Structure formats: C-alpha cells, structure tokens
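Below is one structure, written out as structure tokens, with a few remarks after it.
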Amino acid sequence: MHRPILADSQELLARPIPGGWMWRTIEVADHAWELLLPADQNAFLQQTANDDEWPDPYWTQIWPAARSMAALVLARNWPAETRLLELGCGSGLVGLAALARGCHVTFSDYVPLAVELACANARHNGFAQVQGKVLDWRSPGTEPRYSTIIAADVIYDSELHQPLLNTLKARLHTGGFVWLAEPGRMETANAFLQLAAEAGWLAKFVDEQGSPCESLQPGQFRRVKLTRNAD
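Under the working numbering, the residues of the sequence shown are numbered 30 to 260, in order.
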C-alpha cells in the first residue's frame, strides 16, 4: 500500500514527462523506500537526449554505483547533526540513505526537476525536514558549507572535473570529507584524481564491502574519499 502522497508528489505526478511516472520500491541493505520515478527510462532518454529543456537526461536512472554508495552510507555511524550535501542527487536514493542514518541532508542537482523529485521522495518516505538546491558547479557559491559532500557516478564527463573540484572546495567545511562513488570508468576517473591531487586533495579507496583497497579497478565499484589540508 502506498503511503499518503504529499502535495509535492501530487504535483509531480500531474506534470507530464516522456514515458510518464511510476512508483517503485527500492531496497538497499535492510531498508526499503518507495520512490517516484520515470516509468519508461528508454522513452525518457530517447525523447530528451537532444532537447535543451533536459540538459542531463541521465539523472532519472538509479545507477548501480548509487545503490552501492547508499549501502555504504547506511553502514556508517554518522556523528549527530551531520550536515551533508548530495551533488547530482537524481531521484534521491543516496541522500535517503543519509537521512535514514540521521544526517541533515541537502539534495542538489543541476536539473531543477531532479531536486524537486528527490525532496518529494524524501518527504513521501517520512523525512519532512529536507532541503533542496539547484546547483551549477560552474557557479557554486560559498555558503552554506557542509561537513560531508557525497555524490554517485558524477566524474564521467571530463569537462566537469574542474567545476566539480571548485564546488567541493567552495562548499566543504575545513576538516570535512567527500565521498564519491565511482563504477570503474578508468580513463575519466584517473584524469579526475590526477587533477584532484594537483589541487591538494588526498584520495583513499574502499570497495563495495567497505574494505580498504589501493586503487581503482576497471569496471569495479570504489568509494573514493577525498580530504585536503587547510588552505
């Protein structure tokens, strides 16, 4: 049985998108959430790939790296009052995992509908206190700052590497850390990590089970933790 649909979910359901909407239950570890998602991903991609109204049609997908990242978020004991920013939130799965662990989450994405959807999904699953922000990495601003920034599968486009690093520097508190979920796209991932190292970031890796490992591997999930010394 569906939970009562809140006003923002009703508004989204009434808003036409290619392929329409559907409710889908997503399970991660011992948690299950009911998410509003595009009903036909292929129809959405085919009809929006070359449409200026949809600058990034891939946000509608729940990518495997997001599921793995959500599981690692659920497995961690987060300090009370952790303020966390999710970049490239899409439908909000990773941020939902952080909410379930007691974090104060701000969902962000370049696509306004993605931010609306993530917030609506959070509220639909019982998390009333959520925030959303449309965020352009090319103009990230500086406030507020967060103790933790998380993002899943966001470094596939080398043109966005420097804007992403600028955003991380601008929005991360001194002493904070970044978690990036990387599915093993070696060329773009290594290019990003080299650029990050040149900017003073230190990278550490864990695998899908949360065990430390030395490096990225082709086609294999890694959670990359980035930290940096105070400027």
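Don't be surprised by glycine CBs; every beta carbon is placed ideally from N, CA and C. Because the structure is a prediction, the values reported are computed rather than measured.
Cβ-based neighbour list, residue i, same chain, cut-off 7 Å, excluding 5 preceding and 5 following
i: residue 206; result: 177, 254, 255 and 256
i: residue 214; result: 185
i: residue 33; result: Caution is warranted here: a pLDDT of 44 is assigned to residue 33, below 50, making its placement in the model unreliable, and no coordinate value can be reported.
i: residue 30; result: Residue placement at residue 30 is flagged as unreliable, the pLDDT there being 36, under the threshold of 50; a coordinate-derived value is accordingly withheld.
i: residue 189; result: 166
i: residue 225; result: 194, 232 and 255
8 Å Cβ cutoff, residue i in contact with chain B
i: residue 142; result: Within the model displayed, chain B is absent; a lone protein chain is all it includes.
Cut-off 6 Å between Cβ atoms - residues of its own chain near residue i, not counting five sequence neighbours on either side
i: residue 174; result: 200 and 202
i: residue 193; result: 166
i: residue 161; result: 136, 144 and 148
i: residue 230; result: 255 and 257
i: residue 236; result: 242
Sheet register partners of residue i (DSSP bridge)
i: residue 256; result: 231
i: residue 113; result: 134 and 177
i: residue 161; result: 136
i: residue 245; result: Beta-bridge pairing links residue 245 to no other residue.
i: residue 211; result: 251
Same chain, Cβ closer than 8 Å to residue i, neighbours up to 5 away in sequence not counted
i: residue 68; result: 48, 49, 50 and 51
Beta-carbon proximity of residue i to residue j, cut-off 8 Å
i: residue 184; j: residue 218; result: yes
i: residue 97; j: residue 250; result: yes
i: residue 181; j: residue 123; result: yes
i: residue 252; j: residue 210; result: yes
i: residue 239; j: residue 101; result: yes
Inter-residue CB distance, residue i and residue j (contact presumed, cutoff 8 Å)
i: residue 37; j: residue 148; result: 7 Å
i: residue 125; j: residue 154; result: 6 Å
i: residue 146; j: residue 41; result: 6 Å
i: residue 86; j: residue 103; result: Contact doesn't hold; Cβ gap of about 28 Å is too wide.
Alpha helix (DSSP H) runs contained entirely in the region 52 to 108, provided each spans 4 or more residues: With a minimum length of 4 residues, the continuous alpha helix (DSSP H) runs that stay inside the region 52 to 108 are 70 to 77 and 93 to 104.
Sequence ranges, alpha helix (DSSP H) only - wholly within the region 120 to 155, length at least 4: Fully enclosed alpha helix (DSSP H) runs of 4 or longer: 122 to 129 and 141 to 153.
Start-end ranges of the alpha helix (DSSP H) lying completely within the region 164 to 190, minimum 4 residues: Segments of the alpha helix (DSSP H) lying fully in the region 164 to 190: there are none.
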